[in-house]
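Asks: My structure is below; once you've seen it, I'll send some questions.
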Amino acid sequence: MKLSAKIYSAIIFGFLFAPIVVLLIFSFNESKSLSVFSGFSWKWYEELLRDRNTLESVKNTLVLAASATVISTVMGTLAAVGINKLRSKWYRAAMNTVTDIPMTNPDIITGISLMLMFVFVGRLFGASTSLNFFTMLIAHVAFCTPYVILQVLPKLQQMDKALPEAAMDLGCTPMRAFLKVELPEIMPGIITGAIMAFTLSLDDFVISYFTSGNGFETLPIRIYGMTKKTVTPKMYALATIIFFVTMALLLISNFIDNEDRKRLSEVRKKNKKS
Amino acid sequence: MKKIIELRNISKAFGDETVLDCISLDIHDNEFITLLGPSGCGKTTTLRIIGGFEFPDEGDVVFMGDRINDMPPHKRHVNTVFQKYALFPHLNVFENVAFPLRERKVPKSKIKEKVDRMLSMVMLSGFAERRVTSLSGGQQQRVAIARALVNEPKVLLLDEPLGALDLKLRKDMQQELKKIQKNTGITFIFVTHDQEEALSMSDTIVVMSEGKIQQIGTPSDIYNEPVNAFVADFIGESNILDGVMLEDYRVSFAGQTFECLDSGFARNEPVDVVIRPEDVDIVAPERGMLCGTVTSVTFMGVHNEAIVDIKGFKWMIQTTDPVEEGAYIGITLEPDAIHIMKKSKYSGMFGDYSSFSNELEELSNPGGAENE
Amino acid sequence: MKKSCISRTQGTYRAALAPYSVWSLLFVIVPLVFVAYYAFTDNSFSFTTENITRFFTATSNMIQDDGTTTEVRTYLLIFGRSLKLAVISTLACLVLGYPIAYIMARAKEKTQKTMVTLIMIPMWMNFLIRTYAWMTILQDTGIINGILTKVGLNPIHVIGSETAVIIGMVYDYFPYMVLPIYSILAKLDVKLLEAARDLGCGTVSVLRRVVFPLSMPGVVSGITMVLIPSISTFYISQKLGNGKFFLIGDAIEGQYVANNLHFAAAIAFILMLILLVGMAIVKYVAAKYVYGGE
């Protein structure tokens, strides 16, 4: 790589990592300050572990993310399978648009729109509070599923069509061919889709903010509340933990995807040679 | 003929692998020269060195007297027709062909004139507005040729351009290219692994293997007088046997002595003997110079291809006469059917028709050569 | 018999697609309809356009930097400001991000993979905290000023300015600009670049005439993924703008908190329309640029 390229990359990556480094360093700060580092200490992490409210919101977030992930992965995989086989151009275009909307719509619009609908429907049934865990779950599934589809559908499209055909030729019903041949082939896509859905749900703030009720607080919402008051490095400690968890998940996801790509390109090379 | 490009002692390695081993080659004005060889022999690398996309580790590339080793591609008066055409998908046919002219800021009216002339030369007039992605393989091929020629380069490099076309189209394009070369007088350097293609189109053929030039010559030289077993086997089919050159014009092989037309070897020098399958005549066993049993016969349409076991060596004979599997036959050879070559590292690797490819041979004969 | 076999499997596939279709209809499409519904109704749910007109006609008094007060159209001002900041941020992302995407696409395979992972890392940090961290860096008593004063230079006052907000936005959305461009550039056929050089193009010409036009789909994608969120963001402006700059996102949130749902919906509705139109324009312009030849 040319020197100028190296320098430019260094500057850009420096810019990108500056806040992260700040975050890491100051989470261990002895004092309360977020801009002057006075010494190394674990105390914020310890305080974090004692903070009941924060731990509660962590639990909430995980429960919500896990549920949303399960539902959106299953629904998304089924949807991808269905979309892959669609014959009608009209239907396929409609599906593409619908899947596109949650991904390109700004979070605030998605959040507001769902909130308005839930409030309206709630009023219709005379409920006093219409926003709760289930409304958040619905919202999360709505914005996670397109990403699952985005991961699974390409795998279906790139799969060698001859594989399930060979299975059926050798005696499997279409359903068994799917379970025994197609599903394992697309499994890396399903897993990376699930991981993606999980991290999106963990990290979501705006949509959760608009669709949550008073009782159920997720971590991002709690953090928002915390930033409105004076902030201590305890929040940084929290953020650091979240950061590393997310990083671990995404690295795993990356790894799975890469291995799968390598496998597929080797298969393709062999086919080309013969 | 004037020399237009000279390659002097070019060597190139990729990592540990030597791809070109001290290649020297003269290329002349108005010549259709083909680099021919199996994949991995270095022909494409040689082409890319001439085009400026690779640089030699050692040696010189000389273009009309000037050493151009370090000259980048856009400054060389050489243009390339790429294997997969490399047409710009975001431009239509006209703009693709006009691309180099626009780069040189040629005035608009001239551009139109030149592009139209090129398109009519490749018989694509009327295709100017078309998107290149909507064209067939053959049409894309011709756009690529027009684009490479519109700049009127001194030399055109063609990297296996006809590989993706089907048979009949390929034959037509071979004729086309030959015609274009004759009409424009531009030197064409053509790379292919298809020996029939090379034989039919070229003025000169350069046979390459394992990074070395094996033989340079006209198509008939290469075909009728291959210098070693590799060339003999790569071009057409050959029976290659061990022999001994007793004296000028007399050679001994397969236990018999034969008259031949070659001389210049030492007395009793071990040699490779090449006999083309179509040069073998089948006769009754009593009248034959050699006799053997037919082990298989394949009907090829144009002729029959018979594999005959003569003293343990499997010969291939092409004949229009009827032959039967299992028959005991005799063969005769005219003196001009026998061609003598010096022994080389390729001796013993080819020529026996127990199998056609190396893979099957290894499976049935692990580790062994099977001559004699 | 063959026909019923095929239609039976088609039926299974349609059944597989059904849950998602229903879910999207109910929870993606219908909510958007609700936005329109709320936007055009008042508290008693009778039709009115007053929410929409309020957006265009509401005025308030703004104190200028020199102390004078002027009457401005509140929401038009806010919208103009959001648009301005979003466009500047998008352009900044494009200008800074394209070279990185190019460098990444030309790098060796291993380096590429590392760089892609590195670019994505900021996205793993919670959005709120990223922004908050920038606040501590840029503050008057923050880290940058801390370093500057130590070295003996004058502190800079950046927090609370539009620049700070832009920095925050660029930081947040930078990977979303780089990755699509990188993705397209990485798939660019190297032979096309060789062909361009073969036909007489020096490095600059190759970039201008072949690389950039062919990367347009990635550029459009990147612009889309940055412009849309940056117009509608609401937290960055609060924290890095010190509460001085209200952007459209802040306006919507403000109305929501004040329980003026109908007006909030109106603002959201107008925002949606503007984004739709804006994106259509971007796609149209890009298509014209890419396929017109030269």
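Top to bottom, those sequences are chains A, B and C. Here our numbering runs 6 ahead of the position in the first sequence, where the first position is 1. Here our numbering runs 9 ahead of the position in the second sequence, where the first position is 1. Here our numbering runs 57 ahead of the position in the third sequence, where the first position is 1. Note that the Cβ used here is the ideal one computed from N, Cα and C, for glycine as well.
For H202 of chain B, name the three-state secondary structure that DSSP assigns.
Replies: For the purposes of this step, residue 202 of chain B is taken as the residue at position 193 of the second sequence. Residue state, collapsed to three classes: coil.
Asks: Among the candidates A:P112, A:V273, A:A148 and A:L70, whose CA atom is the shortest distance from the CA of M81 of chain A?
Replies: As a first step, residue 81 of chain A must be located in the first sequence, where it is residue number 75. It is A:A148 whose Cα lies nearest to the Cα of M81 of chain A.
Asks: Listing by chain order, which chain B residues have their CB less than 8 Å from the CB of E166 of chain C?
Replies: Looking up residue 166 of chain C in the third sequence gives position 109. What E166 of chain C touches in chain B: nothing, since even the nearest Cβ is about 15 Å away.
Asks: Is the distance from the Cβ of K177 of chain B to the Cβ of P279 of chain B below 8 Å?
Replies: The residue labelled residue 177 of chain B in the question sits at position 168 within the second sequence. The residue labelled residue 279 of chain B in the question sits at position 270 within the second sequence. Not a contact, by the Cβ cut-off of 8 Å.
Asks: Starting from the C-beta of F249 of chain A, find all residues in its chain whose C-beta is less than 6 Å away, skip the five residues before and the five after it, and write them out in chain order.
Replies: As a working note, residue 249 of chain A is residue 243 in the first sequence. If we look at F249 of chain A and ignore the five residues flanking it on each side, it has no Cβ neighbours.
Asks: Does the segment 211–220 of chain B come close enough to the segment 37–47 of chain B that 3 or more CB-CB pairs lie under 8 Å?
Replies: Enough Cβ pairs lie closer than 8 Å, so yes.
Asks: For N160 of chain B versus L256 of chain C, is the C-beta spacing smaller than 8 Å?
Replies: Position 151 of the second sequence, counting from 1, holds the residue named residue 160 of chain B. Position 199 of the third sequence, counting from 1, holds the residue named residue 256 of chain C. Contact flag set, yes.
Asks: Is K248 of chain C close to chain B, meaning its C-beta is less than 8 Å from at least one C-beta of that chain?
Replies: As a first step, residue 248 of chain C is located in the third sequence; it is residue number 191 there, counting from the start. Yes - at least one Cβ of chain B is within 8 Å of the one on K248 of chain C.
Asks: In the structure shown, what three-state DSSP assignment does Y244 of chain B receive?
Replies: Position 235 of the second sequence, counted from the start, is the residue given in the question as residue 244 of chain B. As written in the sequence, residue 244 of chain B is Ile, which differs from the Tyr given in the question. Residue state, collapsed to three classes: coil.
Asks: Taking just the CA atoms, how far does M325 of chain B sit from T307 of chain B?
Replies: The residue labelled residue 307 of chain B in the question sits at position 298 within the second sequence. The residue labelled residue 325 of chain B in the question sits at position 316 within the second sequence. Approximately 11 Å, taken between the alpha carbons.
Asks: Over what stretch of residues does the beta strand (DSSP E) that includes N313 of chain B continue unbroken?
Replies: Reading the second sequence from its first residue, position 304 is the one you call residue 313 of chain B. That run of the beta strand (DSSP E) goes N313 to I319.
Asks: Whose Cβ in chain A lies nearer than 9 Å to the Cβ of P270 of chain C?
Replies: The residue you call residue 270 of chain C lines up with position 213 of the third sequence. The premise fails here: P270 of chain C is roughly 22 Å from chain A at the closest Cβ pair, so nothing lies under 9 Å.
Asks: List the residues that DSSP assigns as beta-bridge partners of L44 of chain B.
Replies: As a working note, residue 44 of chain B is residue 35 in the second sequence. Answer is B:V200 and B:V215, bridged to L44 of chain B.
Asks: Kindly indicate the opening and closing residues of the alpha helix (DSSP H) around A253 of chain C.
Replies: Within the third sequence, the letter at position 196 stands for residue 253 of chain C. It spans V247 to D255 - the alpha helix (DSSP H) in which A253 of chain C sits, taken as one unbroken run.
Asks: Counting C-beta neighbours from all protein chains within 10 Å, is the total for D197 of chain C 16 or more, i.e. buried, or is it exposed?
Replies: What you label residue 197 of chain C is simply residue 140 of the third sequence in a count that begins at 1. Exposed.
Asks: At which residues does the beta strand (DSSP E) containing Y337 of chain B begin and terminate?
Replies: In the second sequence, the residue the question calls residue 337 of chain B occupies position 328. Start and end: Y337 to L342.
Asks: Applying the criterion that 16 or more other CB atoms from any shown protein chain within 10 Å of the CB defines a buried residue, is H214 of chain C buried or exposed?
Replies: The count along the third sequence starts at 1 and reaches residue 214 of chain C at position 157. H214 of chain C comes out exposed.
Asks: Beta carbon of V64 of chain A: closer than 7 Å to some heavy atom of the ligand SAH?
Replies: The ligand content of the structure shown is nil, which means the ligand SAH is not present either.
Asks: Assign I307 of chain C to buried or exposed, taking buried as 16 or more other Cβ atoms, counted over all protein chains shown, within 10 Å of its Cβ.
Replies: Residue mapping note: residue 307 of chain C aligns to position 250 of the third sequence, counting from 1. The identity of residue 307 of chain C in the sequence shown is Asp, whereas the question assumes Ile. Answer is buried; the Cβ neighbour count reaches 16.
Asks: Quick one: list the residues of chain C neighbouring K186 of chain A, beta-carbon separation under 9 Å, in chain order.
Replies: Working through the first sequence from its first residue, we reach residue 186 of chain A at position 180. Going along chain C, no residue has its Cβ under 9 Å from K186 of chain A, so there is no contact; the nearest lies around 16 Å.
Asks: Could you check the C-alpha separation between Y189 of chain C and K296 of chain C for me, to the nearest Å?
Replies: If you number the third sequence from 1, residue 189 of chain C lands on position 132. If you number the third sequence from 1, residue 296 of chain C lands on position 239. So the alpha carbons of these two residues sit roughly 7 Å apart.
Asks: Using 8 Å as the cut-off, can you tell me whether the segment 344–362 of chain B makes contact with the segment 66–79 of chain C, which would need three or more C-beta pairs spanning the two stretches below that distance?
Replies: Output reads no: the segment 66–79 of chain C does not touch the segment 344–362 of chain B.
Asks: Give a yes or no on whether the C-beta atoms belonging to V173 of chain C and M161 of chain C are separated by under 8 Å.
Replies: Locating residue 173 of chain C in the third sequence gives position 116, where the first residue counts as 1. Locating residue 161 of chain C in the third sequence gives position 104, where the first residue counts as 1. Result yes, Cβ atoms of V173 of chain C and M161 of chain C sit closer than 8 Å.
Asks: Considering Cα atoms alone, identify which of C:S272, C:T125, C:G298 and C:N316 is closest to L236 of chain C.
Replies: Against the third sequence, residue 236 of chain C aligns to sequence position 179. When only C-alpha atoms are compared, the closest one is C:S272.
Asks: For the beta strand (DSSP E) holding C300 of chain B, just list the boundary residues, first then last.
Replies: What you label residue 300 of chain B is simply residue 291 of the second sequence in a count that begins at 1. That run of the beta strand (DSSP E) goes L299 to F308.
Asks: Do you know how far the Cα of Y215 of chain A is from the Cα of L70 of chain A?
Replies: Here residue 70 of chain A is taken as the residue at index 64 of the first sequence, counted from 1. Here residue 215 of chain A is taken as the residue at index 209 of the first sequence, counted from 1. Distance between the alpha carbons of L70 of chain A and Y215 of chain A is about 14 Å.
Asks: Please state if the CB of D288 of chain B and the CB of I340 of chain B are separated by a distance shorter than 8 Å.
Replies: Stepping through the second sequence from its first residue, residue 340 of chain B is reached at position 331. Stepping through the second sequence from its first residue, residue 288 of chain B is reached at position 279. No, the Cβ-Cβ distance between I340 of chain B and D288 of chain B is not below 8 Å.
Asks: Using the Cα positions of I224 of chain C and L30 of chain A, report the straight-line distance between them to the nearest angstrom.
Replies: Taking the third sequence and counting its residues from 1, the one referred to as residue 224 of chain C is at position 167. Taking the first sequence and counting its residues from 1, the one referred to as residue 30 of chain A is at position 24. The straight-line gap from Cα to Cα measures roughly 21 Å.
Asks: In chain C, which residues lie less than 9 Å from N160 of chain B when you measure between Cβ atoms?
Replies: For the purposes of this step, residue 160 of chain B is taken as residue 151 along the second sequence, with counting starting at 1. By Cβ distance, chain C contributes L256 and G257.
Asks: Below 8 Å on the Cβ atoms is my contact criterion, and I expect G3 of chain A with N138 of chain A to pass it. Report the Cβ-Cβ distance as a whole number of Å.
Replies: The requested residue 3 of chain A does not occur in the structure, where chain A is confined to residues 7 to 280.
Asks: I'd like to know if the segment 79–98 of chain B and the segment 162–170 of chain B are in contact, where contact means that at least 3 CB-CB pairs between them fall below 8 Å.
Replies: As far as the Cβ criterion goes, the segment 79–98 of chain B touches the segment 162–170 of chain B, which means the pair count is three or higher.
Asks: Helix, strand or coil for C269 of chain B, going by three-state DSSP, please let me know.
Replies: Locating residue 269 of chain B in the second sequence gives position 260, counting from the first residue. In this structure, C269 of chain B counts as coil in the three-state DSSP scheme.
Asks: State buried or exposed for K21 of chain B, treating a residue as buried only when at least 16 other CB atoms are found within 10 Å of its CB.
Replies: To locate residue 21 of chain B, count along the second sequence from 1; it is residue 12. Burial call: buried.
Asks: Give every residue of the same chain whose Cβ lies closer than 8 Å to the Cβ of V253 of chain B, excluding the five residues on either side of it in the sequence, and list them in chain order.
Replies: In the second sequence, residue 253 of chain B corresponds to position 244, counting from 1. Here the set comprises V260, S261, F262, N277, E278, P279 and V280.
Asks: Would G60 of chain B count as contacting chain C if we go by Cβ distances under 8 Å?
Replies: Stepping through the second sequence from its first residue, residue 60 of chain B is reached at position 51. Yes - at least one Cβ of chain C is within 8 Å of the one on G60 of chain B.
Asks: Is L120 of chain A closer than 8 Å to A145 of chain A when the C-beta atoms are compared?
Replies: As a working mapping, residue 145 of chain A is identified with position 139 in the first sequence. As a working mapping, residue 120 of chain A is identified with position 114 in the first sequence. It is a contact, given that the beta carbons lie within the stated cut-off.
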